[in-house]
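Colleague: In this note's numbering, the protein residues as written are 281 to 491.
My questions will all concern the structure given below.
Here you go:
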C-alpha cells in the first residue's frame, strides 16, 4: 500500500507526515523524480490501515481493497452502518483536497492585466464512470462542477481524467469555508497568500475556524 506526493528535496510533504501520524505505521521515502512515498508492505500493517480507513474510503477504493484482501487470503472489513453527518463529510473533503487538490490565483484574461481570479480543482482518473470521490466532494462543499472525461498526457496514468472545478471569489470562498477547519498547513498557506482575491471577511472566518 502506498501514497505519493510531490515535494522539494529535503522537505517531506506535510500531508504524508500527517497520514503516517494518524495510521501509526509505514515509512516515508524519497524524493524519487520529485515524489515522496508513504508505504507499507507487511500484510498485518495493511490489515490495520484498511480497517482504520474503511469507513472513510470511497466505494471504488473499498472494492479495490476487498479484491486485494481476497487475493491475499486476508479478512475484509465488514459492512458499514454508514450515517455520516455534514461535519464528517467536510473533514473527509478537506483530507482529499489536502492530498489531491490544487488552488491558485491566476491572471484573468477577461479583466485588466493586473487582476487575478482564484480557482481550485481536484483531478481523478477513471476507466469507466465519474469517480465517486469527486461527486462526494462536490456534495460536501456544495459548489463547483465536475467535468470530463478527457485524455491528458501523463506519465502516471493513461486513464481518462475527470475534474471537480470551482472558480471565482464567491464560489471558491464557499468551498474553502466548508473545509478550512481541517486543512493542513500547506494548503492553508497557499490560500492565505491569495486572501485578497477571496470574499471580503475571509480573513475573519479563517481565524475563527482554526481547529
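All C-beta atoms in this analysis are idealised placements derived from N, C-alpha and C, irrespective of residue type, glycine included.
None of these values were measured; they are calculated from a predicted model.
What is the C-beta distance between residue 407 and residue 439, in whole angstroms, given that I count them as a contact (C-beta under 8 angstroms)?
Modeller: 5 angstroms
Colleague: CA-CA distance, residue 297 and residue 462?
Modeller: 15 angstroms
Colleague: Candidates 471, 295 and 424: which alpha carbon is nearest residue 386's?
Modeller: 471
Colleague: Within a Cβ cutoff of 8 angstroms, which residues of the same chain sit near residue 355, ignoring the five residues on either side of it in sequence?
Modeller: 327 and 349
Colleague: Give me the Cα-Cα distance between residue 417 and residue 315, rounded to the nearest whole angstrom.
Modeller: 25 angstroms
Colleague: For my contact list, residue 413 and residue 338 are in at a C-beta cut-off of 8 angstroms; report their separation, rounded to the angstrom.
Modeller: Indeed they touch by this definition, with Cβ atoms about 5 angstroms apart.
Colleague: Does the beta-carbon of residue 419 have 16 or more other beta-carbons within 10 angstroms, so that it is buried, or is it exposed?
Modeller: exposed
Colleague: Measure the alpha-carbon distance for residue 320 versus residue 479 and round it to whole angstroms.
Modeller: 42 angstroms
Colleague: Can you give me the C-alpha to C-alpha distance between residue 424 and residue 451, rounded to a whole angstrom?
Modeller: 7 angstroms
Colleague: Just reading off the alpha helix (DSSP H) that residue 415 is part of, what are its end residues?
Modeller: 412-421
Colleague: Report buried or exposed for residue 453, applying the criterion of at least 16 other Cβ atoms within 10 angstroms of its Cβ.
Modeller: buried
Colleague: Residues in its own chain within less than 6 angstroms of residue 399 by CB, not counting five upstream and five downstream?
Modeller: 447
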